[in-house]
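*Asks:*
Protein chains in written order, with my numbering: chain H, 4 to 304; chain L, 135 to 395.
This is the structure in structure tokens:
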């Protein structure tokens, strides 16, 4: 390491250069280590502890929390927890999928506007997302209430009992989730669509490719980088979401986020809550790893 | 670009779908009835009551103080981090490690992060009374997730700048400090501002981290709205939501003007 290099007119060594770079680096790294990594590790430790009689933490090593996570309780195996985990995966998956389907027309529409108005249209997509999530979710509560036209229509069509509302219901959760995450797919997708190489599309059309074939072979692959960012930004928070199912789902449609929140508040079972959190983290990381392997190595931003 | 008219139609429908909730809230904020959705006449009453409600004013103040302070800290730390990551010849291995640290707050679902903070603050409290739940703990939490977003935004700007400027500055005998102050930072400014704005909005919008780290005296607007939704909403909340929405629209239009210049 005694190689000398020139850095901005100074003769210096790589070691000295790194030490200088460290001053830029350390504050952020120390902050993230101290307030994310160490808390995360304390969560891991906590997940092996026991809940005391009054909701306090008893530091006895046990694997019971993880057994419960897989559904094993005092009364044998019950699918409740597993159901919540699978349901969370499923809801996040459907939300992401519908967001993708809705985002394509929007992204193409915005990209087709003249450059002068293009960013105004993009802003129009982002504005609702700059209004707090809790407010938007609560607004859906009203829109899906029994005396609002949506529910009235469903009642008239016989899809819904008279005087019943569309909320609370799984459908309401999906609607809330989709409107909450749509902009996260539209924005990165738009940046891919804007840079699209149209000569490939023309080539496909010259060769008499059908519309579907043109889309999947000339357009889709080119939008994959943007889509990947969108999927990651949607799927991960959708997995852990607890506000939307809490406000729109009713007591029977819980997701893993609600389960975690319950353990830290109503049930005061922190060790079990920690175990559920780690289960969620593992599911997230496995999903991410599978996705990244399939879609080559793509940058997040 | 030729566009299938059906695509435009689908886009408009989706946009309408996104705006419907806000529209409903705005209409109801002028409705005379206290309960229900039936229209019974126009009134400004709820807006007047809103501004005489000390809880709401206090929550609004907390929300902005929290967002401003945490954005300030996160912007400085995140920018320094991005510069260090992109402009120093780190060995490949440590570069990978640093990038993983950077992505960690992005890929962690916020509820896990929030719960981890609850546990850690509980442990820290045994050492120091500094970590009582309140504005301070909320700032700590917000900065942690903001750093990553600032650093990622600034970093993408740095990447688009390319290495030529470094070389030009070096050839012209700029000292490192001079180069950072007079070349790098001015060129990075649009990225830094964009990162700061992103961080600010993330803080304003955050519910989960605040929900878990807030103390009894540090109510924010999202927490207040959540609590009142659970208790049964008052029309003041409609008025409040409408105002927040309008302010957002104005801010977006203003920033659009600024960046287009």
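Cβ coordinates follow ideal geometry from the N, Cα and C atoms, glycine included. In this text, all values refer to a predicted model and were calculated from it rather than measured experimentally.
On the premise that residue 319(L) lies in contact with residue 193(L), defined as a C-beta separation below 8 Å, what is that separation, rounded to the nearest angstrom?
*Replies:* Taking the second chain and counting its residues from 1, the one referred to as residue 193(L) is at position 59. Taking the second chain and counting its residues from 1, the one referred to as residue 319(L) is at position 185. The pair is not a contact, with the Cβ atoms about 35 Å apart (cut-off 8 Å).
*Asks:* Are the C-beta of residue 168(L) and some C-beta of chain H separated by less than 8 Å?
*Replies:* Position 34 of the second chain holds residue 168(L). So no, residue 168(L) is outside the interface.
*Asks:* Is residue 269(L) closer than 8 Å to residue 157(L) when the C-beta atoms are compared?
*Replies:* For the purposes of this step, residue 157(L) is taken as the residue at position 23 of the second chain. For the purposes of this step, residue 269(L) is taken as the residue at position 135 of the second chain. Their beta carbons are not under 8 Å apart, which means residue 157(L) does not touch residue 269(L) by this criterion.
*Asks:* Just checking my contact of residue 144(H) with residue 251(H) at CB under 8 Å: how many whole Å lie between their CB atoms?
*Replies:* If you number the first chain from 1, residue 144(H) lands on position 141. If you number the first chain from 1, residue 251(H) lands on position 248. Correct: roughly 7 Å between the Cβ atoms.
*Asks:* Kindly indicate which residue of 278(L), 191(L), 367(L) has the alpha-carbon position closest to the one of residue 333(L).
*Replies:* Position 199 of the second chain holds residue 333(L). Nearest C-alpha to residue 333(L): 278(L).
*Asks:* Of the residues that make up the segment 250-280 of chain H, which ones have a beta carbon closer than 8 Å to any beta carbon in chain L?
*Replies:* Listed in sequence order: 250, 260, 263, 264, 267, 273, 276, 277, 280.
*Asks:* Could you spell out where the beta strand (DSSP E) holding residue 14(H) opens and where it closes?
*Replies:* Taking the first residue of the first chain as 1, we reach residue 14(H) at position 11. 13-15 is the extent of the beta strand (DSSP E) around residue 14(H).
*Asks:* Considering residue 9(H), what are the terminal residues of the beta strand (DSSP E) in which it resides?
*Replies:* Taking the first residue of the first chain as 1, we reach residue 9(H) at position 6. Taken as a continuous stretch (DSSP letters only), the beta strand (DSSP E) holding residue 9(H) covers 8-10.
*Asks:* On the criterion of 16 or more Cβ atoms from any shown chain inside 10 Å, does residue 234(L) qualify as buried, or is it exposed?
*Replies:* As a working mapping, residue 234(L) is identified with position 100 in the second chain. It counts as exposed.
*Asks:* List the residues of chain H that residue 356(L) touches, going by C-beta distances under 7 Å, in chain order.
*Replies:* Mapped onto the second chain, residue 356(L) falls at position 222. Residues of chain H passing the Cβ test: 135, 137.
*Asks:* Three or more C-beta pairs under 8 Å: does that hold for the segment 279-293 of chain L against the segment 324-333 of chain L?
*Replies:* Judged by Cβ distances under 8 Å, the segment 279-293 of chain L makes contact with the segment 324-333 of chain L, as three or more pairs qualify.
*Asks:* Starting from the N-terminal side, write out each stretch of the alpha helix (DSSP H) that is 4 residues or longer and does not extend beyond the segment 136-212 of chain H.
*Replies:* DSSP runs (the alpha helix (DSSP H)) wholly in the segment 136-212 of chain H: 136-146, 152-159, 173-197, 201-209.
*Asks:* Under 8 Å, do residue 260(H) and residue 248(H) count as touching if we go by C-beta distance?
*Replies:* Residue numbering aside, residue 260(H) sits at position 257 when the first chain is read from its first letter. Residue numbering aside, residue 248(H) sits at position 245 when the first chain is read from its first letter. Yes, they are a contact pair.
*Asks:* Closest Cβ-Cβ distance between residue 206(L) and chain H: below 8 Å?
*Replies:* Counting from 1 along the second chain, the entry for residue 206(L) is found at position 72. So, not an interface residue.
*Asks:* What does the alpha-carbon distance come out to for the pair residue 272(H) and residue 57(H)?
*Replies:* Here residue 272(H) is taken as the residue at index 269 of the first chain, counted from 1. Here residue 57(H) is taken as the residue at index 54 of the first chain, counted from 1. So the alpha carbons of these two residues sit roughly 9 Å apart.
*Asks:* When DSSP labels each residue in this structure, what does residue 266(L) get in the three-state scheme?
*Replies:* Translated into the one-based positions of the second chain, residue 266(L) becomes position 132. If DSSP states are grouped into helix, strand and coil, residue 266(L) belongs with coil.
*Asks:* Determine the closest residue to residue 44(H) out of 278(H), 291(H), 290(H), 286(H), with distance taken between C-alpha atoms.
*Replies:* For the purposes of this step, residue 44(H) is taken as residue 41 along the first chain, with counting starting at 1. Checked all of 278(H), 291(H), 290(H), 286(H); the closest Cα to residue 44(H) is 278(H).
*Asks:* Given a cut-off of 8 Å on the beta-carbon distance, is the pair residue 138(H) and residue 245(L) in contact?
*Replies:* Along the first chain, read from residue 1 onward, the residue named residue 138(H) stands at position 135. Along the second chain, read from residue 1 onward, the residue named residue 245(L) stands at position 111. The answer is no: Cβ separation not under 8 Å.
*Asks:* Run through chain H and tell me which residues come within less than 8 Å of residue 350(L), C-beta to C-beta.
*Replies:* For the purposes of this step, residue 350(L) is taken as the residue at position 216 of the second chain. Here the premise fails: no neighbours, minimum Cβ distance about 14 Å.
*Asks:* Output the distance between the C-alpha atoms of residue 323(L) and residue 378(L), rounded to the nearest integer angstrom.
*Replies:* Numbered from 1 along the second chain, position 189 holds the residue referred to as residue 323(L). Numbered from 1 along the second chain, position 244 holds the residue referred to as residue 378(L). Answer to the nearest angstrom: the Cα atoms are 27 Å apart.
*Asks:* Under 9 Å between beta-carbons, which chain H residues line up against residue 304(L)? List them in chain order, please.
*Replies:* Here residue 304(L) is taken as the residue at index 170 of the second chain, counted from 1. Correct list: 9, 10, 11, 12.
*Asks:* Between the C-alpha atoms of residue 364(L) and residue 141(H), what's the straight-line distance to the nearest angstrom?
*Replies:* Sequence index remark: in the second chain, residue 364(L) carries index 230 (1-based). Sequence index remark: in the first chain, residue 141(H) carries index 138 (1-based). In a straight line, the C-alpha of residue 364(L) is about 10 Å away from that of residue 141(H).
*Asks:* Taking the C-alpha atoms as reference points, what is the distance between residue 208(H) and residue 217(H)?
*Replies:* Along the first chain, one-based indexing puts residue 208(H) at 205. Along the first chain, one-based indexing puts residue 217(H) at 214. C-alpha separation (whole angstroms): 7 Å.
*Asks:* From 185(L), 215(L), 340(L), pick the residue whose C-alpha is nearest to that of residue 35(H); which is it?
*Replies:* Locating residue 35(H) in the first chain gives position 32, counting from the first residue. For residue 35(H), the nearest C-alpha among the options comes from 215(L).
*Asks:* Assign residue 173(L) to one of three DSSP states: helix, strand, or coil.
*Replies:* Mapped onto the second chain, residue 173(L) falls at position 39. Note: residue 173(L) maps to coil in three-state DSSP.
*Asks:* Where in the segment 219-305 of chain L do unbroken runs of the alpha helix (DSSP H), each at least 4 residues long, occur, reported from the N-terminal end onward?
*Replies:* Taking only runs of at least 4 residues, the alpha helix (DSSP H) segments lying wholly in the segment 219-305 of chain L are 226-241, 244-259, 269-295, 298-305.
*Asks:* So residue 378(L) contacts chain H; which residues on that side make the cut at Cβ distance below 8 Å?
*Replies:* For the purposes of this step, residue 378(L) is taken as residue 244 along the second chain, with counting starting at 1. Within chain H, the residues near residue 378(L) are 134, 135, 138.
*Asks:* Would residue 294(H) and residue 234(H) be called neighbours here (beta carbons separated by less than 8 Å)?
*Replies:* Position 291 of the first chain, counted from the start, is the residue given in the question as residue 294(H). Position 231 of the first chain, counted from the start, is the residue given in the question as residue 234(H). Going by C-beta atoms, residue 294(H) is nearer than 8 Å to residue 234(H).
*Asks:* If contacts are defined as beta-carbon pairs under 8 Å, then residue 204(H) and residue 221(H) qualify, I think. What distance do you get, rounded to the angstrom?
*Replies:* Mapped onto the first chain, residue 204(H) falls at position 201. Mapped onto the first chain, residue 221(H) falls at position 218. With a Cβ gap of about 5 Å, residue 204(H) and residue 221(H) count as contacting.
*Asks:* In terms of residues, what are the limits of the alpha helix (DSSP H) holding residue 350(L)?
*Replies:* Walking along the second chain from the start, residue 350(L) turns up at place 216. Unbroken run through residue 350(L): none, as it is neither H nor E.
*Asks:* Taking all protein chains shown into account, decide if residue 289(L) is buried (16 or more other Cβ within 10 angstroms of its Cβ) or exposed.
*Replies:* As a first step, residue 289(L) is located in the second chain; it is residue number 155 there, counting from the start. Per the 10 Å Cβ criterion, buried.
*Asks:* Buried or exposed: residue 346(L), going by 16 or more other Cβ atoms within 10 Å of its Cβ?
*Replies:* One-based indexing of the second chain puts residue 346(L) at position 212. Buried.
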